[in-house]
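Student:
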Amino acid sequence: MNWIKNLCFLLCLSFFVTCSINQPADNSSGIPFIDTGIDSAKWVTIPAGEFLQGQHKHKTTIDYDYEIMRTDVTNAQFATYLSEALQKQAIQVADTGIFAFHPGEPFDNYKHEKEIKAGDWLLMPLGKPGARISFESDSFRVEPGYENHPVVMVTWFGANAFAEFYGWRLPTEIEWEKAARGSDGRVYPWGNEIGRNQANYYSSRHLFAKLFGKRTITTPVGYYNGKKYGDFQTLDSPSAYGLYDMAGNVWQWTGDDYKDTHLHYMRGGSEANYEYNLRTWARNNASPDYYGINVGFRCVREKKPEMNAP
Numbered sequence: 027m028n029w030i031k032n033l034c035f036l037l038c039l040s041f042f043v044t045c046s047i048n049q050p051a052d053n054s055s056g057i058p059f060i061d062t063g064i065d066s067a068k069w070v071t072i073p074a075g076e077f078l079q080g081q082h083k084h085k086t087t088i089d090y091d092y093e094i095m096r097t098d099v100t101n102a103q104f105a106t107y108l109s110e111a112l113q114k115q116a117i118q119v120a121d122t123g124i125f126a127f128h129p130g131e132p133f134d135n136y137k138h139e140k141e142i143k144a145g146d147w148l149l150m151p152l153g154k155p156g157a158r159i160s161f162e163s164d165s166f167r168v169e170p171g172y173e174n175h176p177v178v179m180v181t182w183f184g185a186n187a188f189a190e191f192y193g194w195r196l197p198t199e200i201e202w203e204k205a206a207r208g209s210d211g212r213v214y215p216w217g218n219e220i221g222r223n224q225a226n227y228y229s230s231r232h233l234f235a236k237l238f239g240k241r242t243i244t245t246p247v248g249y250y251n252g253k254k255y256g257d258f259q260t261l262d263s264p265s266a267y268g269l270y271d272m273a274g275n276v277w278q279w280t281g282d283d284y285k286d287t288h289l290h291y292m293r294g295g296s297e298a299n300y301e302y303n304l305r306t307w308a309r310n311n312a313s314p315d316y317y318g319i320n321v322g323f324r325c326v327r328e329k330k331p332e333m334n335a336p
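The working numbering puts the first residue of the sequence shown at 27, with every later residue one more than the last.
1) Rounded to whole angstroms, how far is the Cβ of residue 221 from the Cβ of residue 261, which I believe are closer than 8 angstroms?
2) Tell me the residue span of the beta strand (DSSP E) that contains residue 207.
3) Apart from the five residues on each side of it in sequence, which residues of its chain come closer than 8 angstroms, Cβ to Cβ, to residue 265?
4) Quick check on the burial criterion: 16 or more other C-beta atoms within 10 angstroms. Buried or exposed for residue 192?
5) Pull up the distance between the alpha-carbon of residue 172 and that of residue 238, whole angstroms please.
6) Cutting at 7 angstroms between CB atoms, please list the residues of its own chain near residue 134, excluding the five before and the five after it.
7) Which of helix, strand or coil does DSSP assign to residue 231?
8) Taking DSSP as the reference, what is the three-state secondary structure of residue 236?
9) Using a 10 Å radius around the Cβ and a threshold of 16 neighbouring Cβ atoms, would you call residue 128 buried or exposed?
10) Apart from the five residues on each side of it in sequence, which residues of its chain come closer than 6 angstroms, Cβ to Cβ, to residue 87?
11) Are residue 297 and residue 320 touching if we call contact CB-CB under 7 angstroms?
12) Do you know offhand how far residue 318's Cα is from residue 278's?
13) Hey, would you say residue 72 sits closer than 7 angstroms to residue 267, going by beta carbons?
14) Closest to residue 234 by CA distance: which of 258, 163, 91 is it?
15) Which of the three DSSP states, helix, strand or coil, is assigned to residue 102?
16) Between the C-alpha atoms of residue 152 and residue 124, what's the straight-line distance to the nearest angstrom?
17) With H, G and I counted as helix, E and B as strand and the rest as coil, what does DSSP make of residue 184?
18) List the whole-angstrom C-beta distance separating residue 291 from residue 282, where the pair is believed to meet the contact cut-off of C-beta under 8 angstroms.
19) Is DSSP giving residue 59 helix, strand or coil here?
20) Taking just the CA atoms, how far does residue 230 sit from residue 187?
21) So, do the segment 78 to 95 and the segment 159 to 172 have three or more beta carbon pairs nearer to each other than 8 angstroms?
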């Protein structure tokens with residue numbers, strides 16, 4: 027009879043181990059919230075004028091002032107948008123994700139071009155690994171600790187819908203690049219060299235993981251601002267105009283609609299990229315319905331007219 031008891035014990039043990047392996051990791055506890063001291067609600071004015079564009083630094087002029095967000099849009103900001111948009115019935119929530127109507131884009135019938143027709147398009151998936159926003163009990167919730175991290179897993183449609191909801195838009199590539207590099211043609215937003223304490227990219231991402239004991243993909247917006255976190259000292263690394271995270275952390279969607287292609291371009295590089303992808307002229311592209319754990323965005327708007335003193 028002992029062999030029967032032993033067999034039952036082994037079968038139960040095997041079942042327990044198998045179930046344990048197949049269970050997803052529990053990340054519900056989130057991570058500690060880090061206040062970087064950088065205001066994600068702030069906008070920065072980019073003045074009209076000439077700047078050096080691209081790797082070969084050709085002179086380009088933008089003949090108008092515009093304002094751009096100081097940081098990427100955060101999870102908290104995007105969750106607020108989703109709540110407001112849901113109240114106004116501007117979005118629809120399904121089991122698989124969040125959708126909204128898009129009027130479509132011009133179709134040139136070019137080779138490999140995908141037609142973007144009018145209809146409901148995905149803004150953000152729900153329940154996917156890496157997503158920090160969930161929909162529970164008829165409300166949107168941000169995973170604890172990630173409130174001031176850049177929103178990720180957002181499609182171009184999602185970024186564009188956010189911007190249009192508030193009367194803003196996504197930056198053009200030229201607007202983005204000028205905001206990132208200033209007028210002196212620098213390689214990175216802060217200068218011509220890069221170090222591991224200046225941005226969240228492939229060579230530095232393990233330092234943040236060490237701080238929390240697990241890999242978080244993103245860092246809070248404005249994290250590399252000269253503050254010391256634990257035993258990790260950052261360098262203050264804004265762009266010439268005072269923008270943060272214009273290199274690394276997450277790729278940023280831009281708003282250009284190029285002829286003969288349905289693809290939309292991103293700028294800035296991410297935590298998964300090497301130094302060369304963080305250069306101010308580097309670019310990437312994807313279909314507008316693409317989403318990823320290291321893709322986010324920021325917005326631009328027309329410069330508000332200054333009020334004359336009475």
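Using N, Cα and C, we set each Cβ at its ideal position, and we do this for glycine too.
Tutor: A quick look at the data gives this:
1) Working through the sequence shown from its first residue, we reach residue 221 at position 195. Working through the sequence shown from its first residue, we reach residue 261 at position 235. Between residue 261 and residue 221 the Cβ distance is about 7 angstroms, and since that is below 8 angstroms, they are a contact.
2) Taking the sequence shown and counting its residues from 1, the one referred to as residue 207 is at position 181. First-last for residue 207: 199 to 207, but that is the alpha helix (DSSP H), not the beta strand (DSSP E).
3) Stepping through the sequence shown from its first residue, residue 265 is reached at position 239. Closer than 8 angstroms at the Cβ level, and outside the excluded window around residue 265, lie 205, 206, 207, 208, 215, 216, 272.
4) Here the question's residue 192 lines up with position 166 in the sequence shown. Burial is judged here by how many other beta carbons sit within 10 angstroms of a residue's own beta carbon; residue 192 has fewer than 16 and is exposed.
5) Residue numbering aside, residue 172 sits at position 146 when the sequence shown is read from its first letter. Residue numbering aside, residue 238 sits at position 212 when the sequence shown is read from its first letter. In a straight line, the C-alpha of residue 172 is about 13 angstroms away from that of residue 238.
6) By 1-based counting over the sequence shown, the position of residue 134 is 108. 285, 286, listed in sequence order.
7) What you label residue 231 is simply residue 205 of the sequence shown in a count that begins at 1. Note: residue 231 maps to helix in three-state DSSP.
8) The residue you call residue 236 lines up with position 210 of the sequence shown. Assignment of residue 236 by DSSP, reduced to helix, strand and coil, places it in the helix class.
9) The residue given as residue 128 occupies position 102 in the sequence shown. With 16 or more other Cβ atoms inside 10 Å of its own Cβ, residue 128 counts as buried.
10) Working through the sequence shown from its first residue, we reach residue 87 at position 61. Cβ neighbours of residue 87 beyond the five flanking positions: 76.
11) The sequence position of residue 297 within the sequence shown is 271, counting from 1. The sequence position of residue 320 within the sequence shown is 294, counting from 1. Yes. Within cutoff.
12) Here the question's residue 318 lines up with position 292 in the sequence shown. Here the question's residue 278 lines up with position 252 in the sequence shown. So the alpha carbons of these two residues sit roughly 11 angstroms apart.
13) What you label residue 72 is simply residue 46 of the sequence shown in a count that begins at 1. What you label residue 267 is simply residue 241 of the sequence shown in a count that begins at 1. When the beta-carbon positions are compared, residue 72 and residue 267 come within less than 7 angstroms of each other.
14) Counting from one through the sequence shown, the residue named residue 234 turns up at place 208. If we check each option's Cα against that of residue 234, 258 comes out closest.
15) The residue you call residue 102 lines up with position 76 of the sequence shown. The three-state reading of DSSP puts residue 102 in helix, counting H, G and I together.
16) Working through the sequence shown from its first residue, we reach residue 152 at position 126. Working through the sequence shown from its first residue, we reach residue 124 at position 98. If I take the Cα positions, the gap works out to 7 angstroms.
17) In the sequence shown, the residue the question calls residue 184 occupies position 158. Reduced to three states, the DSSP call for residue 184 is helix.
18) Translated into positions along the sequence shown, residue 291 becomes position 265. Translated into positions along the sequence shown, residue 282 becomes position 256. Between residue 291 and residue 282, the beta carbon gap of about 6 angstroms places them in contact (Cβ cut-off 8 angstroms).
19) Here residue 59 refers to the residue found at position 33 of the sequence shown. If DSSP states are grouped into helix, strand and coil, residue 59 belongs with coil.
20) Along the sequence shown, read from residue 1 onward, the residue named residue 187 stands at position 161. Along the sequence shown, read from residue 1 onward, the residue named residue 230 stands at position 204. The straight-line gap from Cα to Cα measures roughly 32 angstroms.
21) The segment 78 to 95 is not in contact with the segment 159 to 172.
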